[in-house]
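Student: Quick one: structure below, then a few questions.
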Amino acid sequence: MRFRHILAATVFGFVLPVAALAKEPIKIGFPIPLSGPTAVYGVPVLKGAELAVADINAAGGVLGRKLVLLSRDSKANPAEAVRLARELIVRNGVEFLAGTLTSAEAPAVSTIAKENHIVFVAPSAKTYELTDPQSIHPYIFRAASNTTIEGQAGAIVMARWKDVKTVATIAPDYAYGHDAIAAFVAKLKQLRPDITIVDQQWPRLGQSNFTPFITAQMSKHPDAVYCDEFAGDFISFVKQAAPLGYFKAIHNRLADGGEVGSVDETIALGSSFPLGIWTDTYDPVVWDGPNQPPAEIAFDKKVEKELHTKYGSSWAIQGYVTIESIADGIRKAGTVNDAAVAKAMLGMTYQTPLGPRTFSATNHDADAGEYWGKMVKVAAYPFAVIKDPTYYNPEPAAH
Amino acid sequence: MTVSLIAAQFLSGLTTAMFLFLIASGLSLVFGVMRVLNFAHGSFYMIGAYMTWQVMQWLQPAGASFWLAALAAGATVALLGGVVERLLLRHLYGQEELYQLLFTYALVLILGDAAKYIWGTGQLSVHRPPVLDGGFHLLGTTLPFYNLFIMLVGPAIAIGGGLLLSRSSAGRLLRAAAYDREMLGALGGNVGMLYTGMFVVSSFLAGLAGALITPIVSVVPGMDVQVIVQAFIVVVIGGLGSFWGTFWGAVIYGLTLSFGILAFPEFSLFSVFALMAVVLMVRPWGLFGRPIR
Numbered sequence: 001m002r003f004r005h006i007l008a009a010t011v012f013g014f015v016l017p018v019a020a021l022a023k024e025p026i027k028i029g030f031p032i033p034l035s036g037p038t039a040v041y042g043v044p045v046l047k048g049a050e051l052a053v054a055d056i057n058a059a060g061g062v063l064g065r066k067l068v069l070l071s072r073d074s075k076a077n078p079a080e081a082v083r084l085a086r087e088l089i090v091r092n093g094v095e096f097l098a099g100t101l102t103s104a105e106a107p108a109v110s111t112i113a114k115e116n117h118i119v120f121v122a123p124s125a126k127t128y129e130l131t132d133p134q135s136i137h138p139y140i141f142r143a144a145s146n147t148t149i150e151g152q153a154g155a156i157v158m159a160r161w162k163d164v165k166t167v168a169t170i171a172p173d174y175a176y177g178h179d180a181i182a183a184f185v186a187k188l189k190q191l192r193p194d195i196t197i198v199d200q201q202w203p204r205l206g207q208s209n210f211t212p213f214i215t216a217q218m219s220k221h222p223d224a225v226y227c228d229e230f231a232g233d234f235i236s237f238v239k240q241a242a243p244l245g246y247f248k249a250i251h252n253r254l255a256d257g258g259e260v261g262s263v264d265e266t267i268a269l270g271s272s273f274p275l276g277i278w279t280d281t282y283d284p285v286v287w288d289g290p291n292q293p294p295a296e297i298a299f300d301k302k303v304e305k306e307l308h309t310k311y312g313s314s315w316a317i318q319g320y321v322t323i324e325s326i327a328d329g330i331r332k333a334g335t336v337n338d339a340a341v342a343k344a345m346l347g348m349t350y351q352t353p354l355g356p357r358t359f360s361a362t363n364h365d366a367d368a369g370e371y372w373g374k375m376v377k378v379a380a381y382p383f384a385v386i387k388d389p390t391y392y393n394p395e396p397a398a399h
Numbered sequence: 400m401t402v403s404l405i406a407a408q409f410l411s412g413l414t415t416a417m418f419l420f421l422i423a424s425g426l427s428l429v430f431g432v433m434r435v436l437n438f439a440h441g442s443f444y445m446i447g448a449y450m451t452w453q454v455m456q457w458l459q460p461a462g463a464s465f466w467l468a469a470l471a472a473g474a475t476v477a478l479l480g481g482v483v484e485r486l487l488l489r490h491l492y493g494q495e496e497l498y499q500l501l502f503t504y505a506l507v508l509i510l511g512d513a514a515k516y517i518w519g520t521g522q523l524s525v526h527r528p529p530v531l532d533g534g535f536h537l538l539g540t541t542l543p544f545y546n547l548f549i550m551l552v553g554p555a556i557a558i559g560g561g562l563l564l565s566r567s568s569a570g571r572l573l574r575a576a577a578y579d580r581e582m583l584g585a586l587g588g589n590v591g592m593l594y595t596g597m598f599v600v601s602s603f604l605a606g607l608a609g610a611l612i613t614p615i616v617s618v619v620p621g622m623d624v625q626v627i628v629q630a631f632i633v634v635v636i637g638g639l640g641s642f643w644g645t646f647w648g649a650v651i652y653g654l655t656l657s658f659g660i661l662a663f664p665e666f667s668l669f670s671v672f673a674l675m676a677v678v679l680m681v682r683p684w685g686l687f688g689r690p691i692r
């Protein structure tokens, strides 16, 4: 009697659904901010993910099954992202989770992935906390760069400015800013023990008023500044700092690790962009210099078409590589079973339009660096572009 | 602390204060004087900023005029405010404040989504008017011309608004209406027109504030919600019903923030909220307000 029950449960519970599912699509849940200030990046990241799904399906899908993306608006709110992740798992039966944008949402969704044994890949959250020894679990992976790589790359850039003796920092007052600045300071102290940190400012995220922070920092007369302001905050920061003579006072020796070399940012600032500063981006899109990977050119063309904009977005790449990494994990595991896929993704190398990336087997982070360079003006474009974009991970890649 | 440091923080505090006052002045009229809890004031400010960018785009080929765009933005928002008041908000007068809060909050969501639909989620930027490029040196620090301009506009609005409320007949009627709306109506005052008029003025100030801030910030979705809490803090610190109170509330807010940064760089907003807590404990009716019976 008991045996028959178990047998029946086995047949109905495993064999039948697998047979029935063989032609069903593989569902990936994708909570991401599509409204509010961070939708600026949420929308292109989602577009990138949708492009990856379209490309993979056009090539026949994964294990003979199509991929389908179930996107939801997380409003950049961790509680909402958690609610959506639960709903996607319970109601929609997604097999995988990807998405979230901020360093507040991703660790929150990661706990849901852990509870439900669902693989979760974060495309853009950089905070060290996401995969630190207290928070890591078998199902969390990060396709984004992280605050350690970012801060260290910034320190390497700055260490080359030989006449700099005093440095100040300015970064948003939350996990991302604090983690990146800590990594920057630690690496800079190691590379250049002669440099002293003379000032640190922590304006709130979404702060539109930077003027008092800027004047307080200028009064300490730093030789150079490491900055982690990004998106709309960086624009406000620049528009208030430039007329105060901030960039002139530091001779444009500012390094910013907040991806303000992204075309999304440079186009918005136009001729107000502070030329001469160093910054980074996941995908320069417009390359002033050689080394542009051909796959990246093709990818950016697709993004431009998808977003109906002339220069696309520097963020779409992160959505794209996130989905690619999940697809490669499924292929390598030969099954959609989350435990098997999670295991397969450890140490796995996957291809992206910007070259191969590998998930670390220990901390589950991709070895994703970013392209750094000096911001210059060239005649062909009405906005600033990165000169000779060089891949830093965190050391500059030789080429 | 050197002279130049004090001067720099003082001037940046005043800049902060005057930008904040531009936004809070309209709120002071509607919330402080008329006692209408308009949570959507920040949304009007945001629409003003977007409209400025939009008009600049339209004017681009002919040579964009920031001043024309700012006035057009103010006028558009004033019109929007008038429509909202006449068609919707007036049904809520005399009701509990909770209904006004819920209604205007719904308006925040609707206008936020409308702005996103029209202008997208990207960050937009407006250039400073070329006339006000640059700045001058003062006590070892730099004061940008644009900041100086805002420091002059702020007091001008304070004086204008203060005179309007205390000297003009409309101002007298308005204060009477805030005190007892029905009695004023019974005495033959046209309360409806009065409220619409004041709401239009308040909306114009919100739109103008949104326009005038565009040269120093990015125009992004969410700028509405970010500013509304600060504006309420300023109105409350200054005292409900006191237009000049709002002005001084903004000045105190700005200076507390800029000097607080020197004292506690890790807790930039701590000093401002501490200030508000102290004011509310000592004078719950605000620094320049009068206790309500």
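Sequences listed follow chains R and D, in order. Residue numbers for the first sequence follow the numbering used here, beginning at 1 and rising by one. Residue numbers for the second sequence follow the numbering used here, beginning at 400 and rising by one. All C-beta atoms, glycine included, are put in the ideal place defined by N, C-alpha and C. If you're wondering where the values come from, they're calculated on a predicted model, not measured in any experiment.
Could you confirm whether any beta carbon from chain D is found closer than 8 Å to the beta carbon of residue 396 of chain R?
Tutor: no
Student: Can you pull the chain A residues whose beta carbon is under 7 Å from the beta carbon of residue 244 of chain R, in chain order?
Tutor: Among the protein chains of the structure shown, namely R and D, there is no chain A.
Student: Looking at the strands, I want to know which residues DSSP matches up with residue 65 of chain R.
Tutor: R:62
Student: My guess is that residue 25 of chain R and residue 66 of chain R are in contact by the Cβ rule of under 8 Å, so how many angstroms apart are they, rounded?
Tutor: The C-beta distance from residue 25 of chain R to residue 66 of chain R rounds to 4 Å, short enough to fall under 8 Å.
Student: Residues of the segment 245 to 268 of chain R with a CB closer than 8 Å to any CB of chain D: list them in chain order, please.
Tutor: Result list: 245, 264, 265, 268.
Student: Which of the three DSSP states is assigned to residue 200 of chain R in this structure?
Tutor: strand
Student: Report all residues from its chain with a CB closer than 6 Å to the CB of residue 641 of chain D; omit the five preceding and five following residues, and keep chain order.
Tutor: 687, 688
Student: Per DSSP, residue 536 of chain D is paired with what?
Tutor: D:541
Student: Strictly below 9 Å CB to CB, what residues from chain D border residue 315 of chain R?
Tutor: Simply none; closest approach about 11 Å.
Student: Tell me, please, whether the segment 266 to 273 of chain R touches the segment 381 to 389 of chain R by the rule of three or more beta-carbon pairs shorter than 8 Å.
Tutor: yes
Student: Mapping DSSP to helix, strand and coil, what is residue 373 of chain R?
Tutor: strand
Student: For residue 405 of chain D, report the span of its alpha helix (DSSP H) as first-last.
Tutor: 402 to 426
Student: Could you tell me which whole alpha helix (DSSP H) segments of length 4 or greater appear in the segment 552 to 636 of chain D?
Tutor: 568 to 578, 580 to 585, 590 to 612
Student: Under 7 Å Cβ-Cβ, which residues of chain R neighbour residue 622 of chain D?
Tutor: 208
Student: Apart from the five residues on each side of it in sequence, which residues of its chain come closer than 6 Å, Cβ to Cβ, to residue 575 of chain D?
Tutor: Only 583 meet the Cβ criterion.
Student: Buried or exposed, going by whether 16 or more other CB atoms sit within 10 Å of the CB of residue 372 of chain R?
Tutor: buried
Student: Chain R beta carbons: is any one of them nearer than 8 Å to that of residue 664 of chain D?
Tutor: yes
Student: Look at the Cβ atom of residue 428 of chain D, then the Cβ atom of residue 601 of chain D, and state whether they are nearer than 8 Å.
Tutor: Their beta carbons are under 8 Å apart, which means residue 428 of chain D touches residue 601 of chain D by this criterion.
Student: Considering only residues of the same chain and omitting the five flanking positions on each side of residue 191 of chain R, which have a CB-CB separation below 8 Å?
Tutor: 155, 156, 159
Student: DSSP on residue 70 of chain R, reduced to helix/strand/coil?
Tutor: strand
Student: Give me the Cα-Cα distance between residue 21 of chain R and residue 633 of chain D, rounded to the nearest whole angstrom.
Tutor: Here the model assigns residue 21 of chain R a pLDDT of 49, short of 50, so the residue's position is not dependable and the matter cannot be decided.
Student: Between the Cα of residue 39 of chain R and those of R:242, R:232, R:302, spot the shortest distance and give me the residue it belongs to.
Tutor: R:232
Student: Can you find the residues in the same chain that come closer than 7 Å, C-beta to C-beta, to residue 355 of chain R, ignoring five residues on each side of it along the sequence?
Tutor: 293
Student: Give the secondary structure of residue 516 of chain D by DSSP, where H, G and I count as helix, E and B as strand, and everything else as coil.
Tutor: helix
Student: Could you tell me which chain R residues have their CB closer than 7 Å to the CB of residue 625 of chain D, listed as they occur along the chain?
Tutor: 206, 208
Student: Give the range of the alpha helix (DSSP H) segment to which residue 211 of chain R is assigned.
Tutor: 211 to 218
Student: Just confirm the distance between the C-beta atoms of residue 70 of chain R and residue 27 of chain R, as a whole number of angstroms; I'd bet it's less than 8 Å.
Tutor: 6 Å
Student: Quick check: residue 323 of chain R and residue 52 of chain R, are their CB atoms within less than 8 Å of each other?
Tutor: Cβ distance < 8 Å, so residue 323 of chain R and residue 52 of chain R count as in contact.
Student: Tell me whether the segment 178 to 190 of chain R and the segment 237 to 248 of chain R touch, counting them as touching only if at least three CB pairs, one residue from each stretch, are closer than 8 Å.
Tutor: no
Student: I want to see whether chain D comes within less than 8 Å of residue 213 of chain R, judged by CB atoms only; does it?
Tutor: yes
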